[in-house]
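Q: Residue numbers (UniProt numbering): 1 to 68.
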Amino acid sequence: MSGSSAPGAVVRQGRRATSIFWLTSVLADLEEILRIAAKDGARNVRVFGSVARGEDDEMSDIDLLVEV
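1) For Ile33 versus Val51, is the C-beta distance shorter than 8 Å?
2) Taking the DSSP output, what are the residues bridged to Val68?
3) Less than 6 Å between C-beta atoms, sequence neighbours within five positions excluded: which residues of the same chain meet that for Ser60?
4) Can you look up Arg43 in the DSSP assignment and give me helix, strand or coil?
5) Would you report the Cα separation of Ala38 and Glu58, rounded to the nearest angstrom?
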């Protein structure tokens with residue numbers, strides 16, 4: 001198996017790419033997310049769950065924690 005990656009490494013790399021995609025999506029919409037949160041009296045918006053841990057996949061949602 002010289003020169004090739006183990007299947008688990010490929011899966012982890014794919015998951016990491018997905019995680020980066022989701023995080024990039026959240027960051028792209030951050031201004032709007034914060035605006036909506038503030039309008040509704042929420043503050044201190046945080047991402048948690050599988051996206052924050054880098055364990056998300058294409059079926060994952062984005063979990064947000066806010067203070068109200």
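All C-beta atoms, glycine included, are put in the ideal place defined by N, C-alpha and C.
For clarity, every value in this text was computed on a predicted model and none was experimentally measured.
A: Looking at the coordinates:
1) no
2) Paired residue(s): none; Val68 is not in a bridge.
3) Ser50
4) Three-state DSSP puts Arg43 in a strand.
5) About 29 Å.
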